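Listed in order, the protein sequences are those of chains A and B.
Take the first sequence: its position 35, counted from the start at 1, is 35 in my numbering, and no numbers get skipped.
Take the second sequence: its position 28, counted from the start at 1, is 28 in my numbering, and no numbers get skipped.
For each residue, glycine too, the CB sits at the ideal point set by N, CA and C.
Here the structure is a predicted model, which means the values were calculated and not measured.
Here the structure comes first, spelled out in structure tokens, and everything after it is commentary.
Number of protein chains: 2
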Amino acid sequence: MGERSLERLDTVAIVGVGLIGGSVGLALRSRGLATKVVGVGRDSRALQQARQRGVIDEATTDLVEGVGDARVVVVCTPVSRIVQDVRRATAAAPKDALVTDAGSTKRQIVEQLEADPTAAATFVGAHPITGSERSGWEHARAALFRDRVCVLTPTPRTPSAQVARARAFWTSLGCRILEMNPSEHDEVLAYTSHLPHALAAALASSVPAAWLALAAGAYRDGTRVAAADPGLWTAIFRANRGPLLKAIGTLEERVAAFKYAMMTDDEDAIYRWWDEARHRRSLYEARQPTATPDP
Amino acid sequence: MGERSLERLDTVAIVGVGLIGGSVGLALRSRGLATKVVGVGRDSRALQQARQRGVIDEATTDLVEGVGDARVVVVCTPVSRIVQDVRRATAAAPKDALVTDAGSTKRQIVEQLEADPTAAATFVGAHPITGSERSGWEHARAALFRDRVCVLTPTPRTPSAQVARARAFWTSLGCRILEMNPSEHDEVLAYTSHLPHALAAALASSVPAAWLALAAGAYRDGTRVAAADPGLWTAIFRANRGPLLKAIGTLEERVAAFKYAMMTDDEDAIYRWWDEARHRRSLYEARQPTATPDP
Numbered sequence: 001m002g003e004r005s006l007e008r009l010d011t012v013a014i015v016g017v018g019l020i021g022g023s024v025g026l027a028l029r030s031r032g033l034a035t036k037v038v039g040v041g042r043d044s045r046a047l048q049q050a051r052q053r054g055v056i057d058e059a060t061t062d063l064v065e066g067v068g069d070a071r072v073v074v075v076c077t078p079v080s081r082i083v084q085d086v087r088r089a090t091a092a093a094p095k096d097a098l099v100t101d102a103g104s105t106k107r108q109i110v111e112q113l114e115a116d117p118t119a120a121a122t123f124v125g126a127h128p129i130t131g132s133e134r135s136g137w138e139h140a141r142a143a144l145f146r147d148r149v150c151v152l153t154p155t156p157r158t159p160s161a162q163v164a165r166a167r168a169f170w171t172s173l174g175c176r177i178l179e180m181n182p183s184e185h186d187e188v189l190a191y192t193s194h195l196p197h198a199l200a201a202a203l204a205s206s207v208p209a210a211w212l213a214l215a216a217g218a219y220r221d222g223t224r225v226a227a228a229d230p231g232l233w234t235a236i237f238r239a240n241r242g243p244l245l246k247a248i249g250t251l252e253e254r255v256a257a258f259k260y261a262m263m264t265d266d267e268d269a270i271y272r273w274w275d276e277a278r279h280r281r282s283l284y285e286a287r288q289p290t291a292t293p294d295p
Numbered sequence: 001m002g003e004r005s006l007e008r009l010d011t012v013a014i015v016g017v018g019l020i021g022g023s024v025g026l027a028l029r030s031r032g033l034a035t036k037v038v039g040v041g042r043d044s045r046a047l048q049q050a051r052q053r054g055v056i057d058e059a060t061t062d063l064v065e066g067v068g069d070a071r072v073v074v075v076c077t078p079v080s081r082i083v084q085d086v087r088r089a090t091a092a093a094p095k096d097a098l099v100t101d102a103g104s105t106k107r108q109i110v111e112q113l114e115a116d117p118t119a120a121a122t123f124v125g126a127h128p129i130t131g132s133e134r135s136g137w138e139h140a141r142a143a144l145f146r147d148r149v150c151v152l153t154p155t156p157r158t159p160s161a162q163v164a165r166a167r168a169f170w171t172s173l174g175c176r177i178l179e180m181n182p183s184e185h186d187e188v189l190a191y192t193s194h195l196p197h198a199l200a201a202a203l204a205s206s207v208p209a210a211w212l213a214l215a216a217g218a219y220r221d222g223t224r225v226a227a228a229d230p231g232l233w234t235a236i237f238r239a240n241r242g243p244l245l246k247a248i249g250t251l252e253e254r255v256a257a258f259k260y261a262m263m264t265d266d267e268d269a270i271y272r273w274w275d276e277a278r279h280r281r282s283l284y285e286a287r288q289p290t291a292t293p294d295p
């Protein structure tokens, strides 16, 4: 199956209908990719509202029932709950189902699921690199995945047919696929996502409340993601402690270099330090994909 | 003269027609606040283009000529050049002119100008807290100042009539006015602007170039201002070394608290650390002014 070919999906079950899960539902429904989208969650009232707003077709708080006839199960719960939800989903879903997730960390999750033979034969770890500082299906968008990278983290034990199905599934939502091993994923994302989040929070609380009226656009943009849910981010940080501590060490070195240049009032060193950062930022911009038009 | 009343301006001279100076020109012209806007700069070709595009009415590379019949002179050059440009402007402008600036730092500038009797009698330090990571009049916007705070930094020696005129001038461009002493301004801005800029640069260069394709929105927003001109920011940092080093110290304490919570895997401490940041960020959002409709 080619990367661009779409699987005809009968029923897709989404476990955890928040920002990510809700956006999976909207993307599937707006692109007509599934005959039925079942949302599984813990808050039945929120699920019914999501159903009424067209995010999902059916809603249930019973995971076993929800995944019972699913061809694909996407687990979009917080990283601290993914292992148990994937285990339950792989046990309850049809034998030929694909189970994938959307967790921001991968090594611990994949290691624990590899120890479970049913999960190991069914599950393909995934991380669509997208999101928002907002939580909840109310903020979900069908276009959330468009042109975004989705990292798949299969292991040597993951059946290649499942990997191909996972590629097709996330591609059908608009993602570009990269494959990495779970540890490599976590090392990279510690720098590209978890460090920027931790730093946004450090910056947010560094400015005394009384001075916030004088905060410039650099504070506004630099702290945007600090508005995100503390429980979600505590779980992500804890699931990636080693790599994130290493990334913080790198940042501390960059700050120390700036401090030294400032303390010695070394104009050239300050200039070069900034110019190197500017160059890195321009590389980032140059690597952004051009937007795909609406399908 | 009340804060909201506008001075009828004959000629306004803008020294330094870049992003800020160009936006002053566009704001004056679009609001019909001056009979003539003279742009003074060093690059005559860029000045002529700015004139042709309606950013200014007249252009000259001769500061003495440019400010010769100005009622208001706004010095919008980099902070390292403001003192000399204000000195020359106050010497060459009509005796009853107002000279103000738009520099991001204030203590050194005001201290040096206070030592010059002509400048001390004419100049009112100003810092409109707005801008962009982009430089040049090509990115100027008439609305750049709308609803933004402009800090005025008069001293006991500044004539109160000049302060009133500066309030009226910056208010007429759309700003909300705050008065602070120059040192207090620099201490606050070290936290609310200079630290966020330095941190954006530190973050930008912390992520290895090969991993930028996996950078999340937190990197994109957290590093936006690292695209700014290195010469401008080197000058701002150097003009505010003490306060900025203190602000960096505060940030380092916040990062150290996070590191300790991570190293000890203290879930509650990580959660509280993030939640405090989230609360600070929500205070910032609550204090943003609601937008004023177009005049």
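Asked                                                                                                            : Found
Own chain residues within Cβ distance below 7 Å of H185 (chain A), not counting five before or after             : K106, H127, V151 and T153
Cβ of W274 (chain B) within 7 Å of any chain A Cβ                                                                : yes
Three-state class that DSSP yields for I129 (chain B) in the structure shown                                     : coil
Listed by chain order, chain A residues near D265 (chain B) by CB distance under 8 Å                             : R238 and R241
Helix, strand or coil at T11 (chain A) [DSSP, three-state]                                                       : strand
Buried versus exposed call for V64 (chain A) [16 or more other C-beta atoms within 10 Å across all chains shown] : exposed
Straight-line Cα distance separating G174 (chain A) from D147 (chain A)                                          : 6 Å
Reference R87 (chain B), options B:V124, B:L232 and B:A286, closest by Cα                                        : B:V124
Span of the beta strand (DSSP E), counted from its first residue to its last, around D101 (chain B)              : L98 to D101
CB contact flag (G222 (chain B), L203 (chain B), <7 Å)                                                           : yes
Residue range of the unbroken alpha helix (DSSP H) whose run includes T90 (chain B)                              : V79 to A92
Three-state secondary structure (DSSP) of G242 (chain B)                                                         : helix
Pair within 7 Å by beta-carbon distance, D10 (chain A) and P230 (chain B)                                        : no
Under 7 Å from the C-beta of H197 (chain B): neighbouring residues of chain A                                    : A218
Within chain A, partners of R254 (chain B) - CB distance below 7 Å                                               : A202, S205 and S206
Contacts of A209 (chain B) in chain A (Cβ-Cβ under 8 Å)                                                          : R280 and L283
Minimum Cβ-Cβ distance from G18 (chain A) to chain B less than 7 Å                                               : no
Cβ neighbour criterion (16 or more within 10 Å) applied to S160 (chain A)                                        : exposed
Listed by chain order, chain B residues near I248 (chain A) by CB distance under 7 Å                             : V255 and K259
Exposure of T234 (chain B), with buried meaning 16 or more beta-carbon neighbours within 10 Å                    : buried
Local Cβ density within 10 Å of D101 (chain A), reported as buried at 16 or more and exposed below that          : buried
Beta-carbon proximity of G39 (chain B) to A46 (chain B), cut-off 7 Å                                             : no
Proximity of A296 (chain A) and A277 (chain B) at Cβ, strictly below 7 Å                                         : Lying before the first or after the last residue shown, residue 296 (chain A) is absent from chain A, which here runs from 1 to 295.
Three-state secondary structure assigned by DSSP to R35 (chain B)                                                : It should be pointed out that residue 35 (chain B) corresponds to Thr in this sequence rather than to Arg. Strand, per DSSP.
Within chain B, the residues that V188 (chain A) reaches when beta carbons sit closer than 7 Å                   : W211 and L214
Inter-residue spacing [alpha-carbon to alpha-carbon] between P78 (chain B) and G22 (chain B)                     : 14 Å
Residue closest to N240 (chain B), alpha-carbon to alpha-carbon, out of B:E252, B:L251, B:S193 and B:A213        : B:S193
CA-to-CA distance, R31 (chain B) to A142 (chain B), given in whole angstroms                                     : 9 Å
D85 (chain B) burial status per 10 Å Cβ neighbour count (16 or more: buried)                                     : buried
Proximity winner among A:H279, A:A227, A:A166 and A:V17, relative to C76 (chain A) (alpha-carbon distances)      : A:V17
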